[in-house]
Amino acid sequence: MNSTDLSVLQSAVNWLKAGHSVAIATVVQTWGSAPRPIGSWLAIRDDGQVSGSVSGGCVEDDLIRRVQTEILTRATPEMVVYGVSQQEAARFGLPCGGTLRLLVEPRPELGVLEKLLEQISSHQITRRTVNLSTGKSTLSDGSRHDEFVCNDQEMQTTYGPRWRMVIIGAGQLSLYTADFALASDFEVIVIDPREEYAEGLNRDDIIFFKGMPDDVLLEIGVDPHTAVIALTHDPKLDDMALMEALKSSAFYVGALGSRKNTQKRKERLLEFDLNQEQVDRLHGPVGLYIGALTPPEIAVSILAEVIAVKYGISVPKKN
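For the sequence shown, the residue numbers in our numbering are -16 to 302.
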């Protein structure tokens, strides 16, 4: 779940707790060019206030009107379609004749949404199933490999925690990497036990832990939505973090260093309780090769590789 959709969920929970009527619209199907992906959320309050987006602003005004005048009076979900004809696509501003199909729930259950928010906050992947005949929804364990489902009987959507990037080290390169990660909607955690770096990191947008990297990784828990990147250039700190990260379910583990140093690091890691398969998961030298020289350029290459792995795009092997 990205920060936008998480904000929608939080808004819906807060509004329902305050006594408002709320409808939730979910993008269930698109044709042509659509500005928001399947699964995107929009929460609409009874007074017309909204959180989130399903079209980037193209259809929201009309949808708010329909929710206030029609949909909130109903008890079960309704399918709403925009842009069926070329004329409607032009009217609603859908680019390239795109079509948008939305499932609008007029009575989402507060208890279910609160539980969903709680599970996401504790880094659990959760699947929500909505019965289209009754409007009732249930939660179950999910997997990051689940696919979105919407048919005549139900809608199934899987929600996970925000993608996280854990950076070992609080030096200049780490801060550039953190900035690009934040811009890419990652939650950023920086770990560094060194006094000289801890003093200079005072930012509200970064979670900072002043502790030994391996201990902190065990404390915070590393899940399949987490990338771990070791950037201290100090083997005593980087290797300790990597020993835990490579045994975890992190989707990406990388470390700064030349090809020669990376090979030496892999040999060192094999001397501990890591097997060859675990060590082979290490991305090193970290980042895509783009000829980067400066810290911000290297940070760009790191984010490029992390994002490619996140979306299952193969990256060139480093020989």
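We put the beta carbon where it would ideally sit given N, CA and C, even for glycine.
Predicted, not measured: the structure shown is a model, and the values here were computed from it.
Helix, strand or coil at residue i according to DSSP, with G and I counted as helix
| i | result |
| --- | --- |
| Glu137 | strand |
| Met148 | strand |
| Asp129 | coil |
| Val5 | strand |
| Arg28 | strand |
| Glu88 | strand |
| Thr(-13) | helix |
| Val11 | strand |
| Thr117 | coil |
| Val64 | strand |
| Leu(-1) | helix |
| Leu(-8) | helix |
Supposed close pair residue i, residue j - CB separation, criterion 8 Å
| i | j | result |
| --- | --- | --- |
| Gly154 | Leu214 | 7 Å |
| Ala210 | Val149 | 7 Å |
| Met388 | Leu86 | No information on residue 388 is available, as it lies outside the stretch -16 to 302 that the chain covers here. |
| Leu46 | Ala8 | 6 Å |
| Leu286 | Phe163 | 5 Å |
| Gly240 | Gly267 | 6 Å |
| Val64 | Thr82 | 7 Å |
| Ile21 | Leu156 | No, Ile21 and Leu156 are not in contact; Cβ-Cβ is about 36 Å, not under 8 Å. |
| Leu55 | Asp30 | Actually they do not touch by this definition, with Cβ atoms about 11 Å apart. |
Residue span of the beta strand (DSSP E) that contains residue i, given as start and end
| i | result |
| --- | --- |
| Tyr159 | Element bounds for Tyr159: not the beta strand (DSSP E) but the alpha helix (DSSP H), Gln155 to Ala166. |
| Asn114 | Thr109 to Asn114 |
| Ser34 | Val33 to Gly35 |
| Ile174 | Glu170 to Ile174 |
| Glu53 | Glu53 -> no beta strand (DSSP E), and no H or E assigned at all. |
Alpha carbon of residue i to alpha carbon of residue j, nearest angstrom
| i | j | result |
| --- | --- | --- |
| Trp146 | Val171 | 9 Å |
| Tyr294 | His208 | 11 Å |
| Asp124 | Thr109 | 5 Å |
| Leu100 | Leu(-8) | 7 Å |
| Ile174 | Met226 | 15 Å |
| Glu250 | Leu257 | 10 Å |
| Ile324 | Val289 | The displayed coordinates of the chain run from -16 to 302. Any statement about residue 324 would go beyond what the structure contains. |
| Ala291 | Gly143 | 19 Å |
| Ser(-6) | Leu93 | 11 Å |
| Pro176 | Thr59 | 54 Å |
| Asp206 | Asn(-15) | 16 Å |
| Ser34 | Thr121 | 23 Å |
| Gln311 | Asn114 | Here the chain covers residues -16 to 302 and nothing more, so residue 311 does not appear. |
| Leu200 | Glu97 | 27 Å |
| Ile103 | Leu(-11) | 9 Å |
| Lys193 | Phe255 | 25 Å |
| His106 | Pro196 | 20 Å |
| Asp11 | Pro218 | Asp is not the amino acid found at residue 11; the sequence shown has Val there. Computed Cα separation, rounded: 48 Å. |
| Thr(-13) | Gln261 | 34 Å |
| Thr117 | Ala6 | 15 Å |
| Tyr235 | Ile189 | 19 Å |
| Ser284 | Gln259 | 26 Å |
| Val42 | Trp(-2) | 22 Å |
| Asn13 | Asp263 | In the sequence on display, residue 13 carries Thr and not Asn. Roughly 39 Å separates the two Cα atoms. |
| Ser231 | Ala224 | 11 Å |
| Glu88 | Ser297 | 38 Å |
| Leu165 | Tyr272 | 22 Å |
| Arg111 | His128 | 14 Å |
| Arg57 | Val(-4) | 20 Å |
Endpoints, the alpha helix (DSSP H) within which residue i is located
| i | result |
| --- | --- |
| Ser123 | It is not in any alpha helix (DSSP H) - Ser123 instead sits in the beta strand (DSSP E) that spans Ser120 to Asp124. |
| Tyr180 | Glu178 to Ala181 |
| Glu101 | Leu93 to Ser104 |
| Ile290 | Pro278 to Lys293 |
| Val199 | Pro196 to Ile203 |
| Ile190 | From DSSP, Ile190 is part of no alpha helix (DSSP H) but of the beta strand (DSSP E) over Ile190 to Phe192. |
| Val42 | Here Val42 belongs to no alpha helix (DSSP H), and DSSP marks it neither H nor E. |
Beta carbon proximity, residue i to chain C, threshold 8 Å
| i | result |
| --- | --- |
| Lys219 | The chain inventory of the structure shown lacks chain C, comprising one protein chain alone. |
*Pick out the complete alpha helix (DSSP H) segments inside the stretch 209 to 269, 4 residues or longer, and give them in chain order.*
Fully enclosed alpha helix (DSSP H) runs of 4 or longer: 218 to 228, 242 to 253 and 259 to 262.
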